[in-house]
Each structure stands twice: as structure tokens, then as C-alpha cells.
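Note sheet for the following structure.
Residue numbers (the working numbering): 453 to 575.
In C-alpha cells form, the structure reads like this:
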């Protein structure tokens, strides 16, 4: 057992390269042909039933359907997330939290050059 402090990482270079948003099932809507994705696990692995970690992307606009339920907090940057089922867009900045249900279709617009969140996920 261990207690892990969640640090306020402010650079994508502090995370591992995880490929591109399309590798995670995302669809790029605006910006570069693809959006680079970065992350670092703090609990478990992405394929575990319960996991947590840091996740960040470069600036861009993309669609993601959540493959798990998640509670997350923005560590750095600014992102506007639209829930496609309601059409409601909420802008999140450092310190802001959200909870989202598995299967929710979302559109992400990263307003800053990049953003980093820390998440807790349950499949």
C-alpha cells in the first residue's frame, strides 16, 4: 500500500508520450492532423478496472467517447468540454473538477497550448 501525492505538473515533458488522440479512439475535429497525447500512471494500468494517472494533450479540438467513468481535475491549462448528449459546454481551468459517466460522447477544445489533468477511472 502507498500514499501518492498528486503533483502540479506543468509541462508535457514530465509525462510519457502515449501516441496520438486517434490511437485512443478520438477523432480530430480541428487543428493539426493529429493531437499528441501524454500520460503517466499513478495507480494501476490503463487496462485495469480501476486506475488513475496524469493525461495531457497538445492544443486541438477532438471528439472522445469515454471508455470508463472518470473523476478528474485540471492540473495545468484550459479546456472546454462539450457533452454531446446535452450540447452543454463547460470550460475548465487549473483546480476545476468534473465527473463523467462511461459512454459519454464529448468534444474537447484545448484552449491553451496544452493541458494536463489527473484522473481516477473505473471501467
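For glycine and all other residues, C-beta sits at the position ideal for the given N, C-alpha and C.
Item to check | residue 527 to residue 497 span [Cα, whole Å] | outcome: 20 Å
Next on the checklist: Taking 9 Å as the threshold (C-beta atoms), are residue 550 and residue 573 in contact?
Outcome noted: No, the Cβ-Cβ distance between residue 573 and residue 550 is not below 9 Å.
Checklist entry - How big is the Cα-Cα spacing for residue 467 and residue 493? => result 9 Å
Checklist entry - For residue 559 versus residue 514, is the C-beta spacing smaller than 9 Å? => result For residue 559 and residue 514, yes; Cβs fall inside 9 Å.
Next on the checklist: Measuring only the C-alpha atoms, how far is residue 553 from residue 536?
Outcome noted: In a straight line, the C-alpha of residue 553 is about 13 Å away from that of residue 536.
Next on the checklist: Could you compute how far the alpha carbon of residue 529 sits from the alpha carbon of residue 567?
Outcome noted: 4 Å
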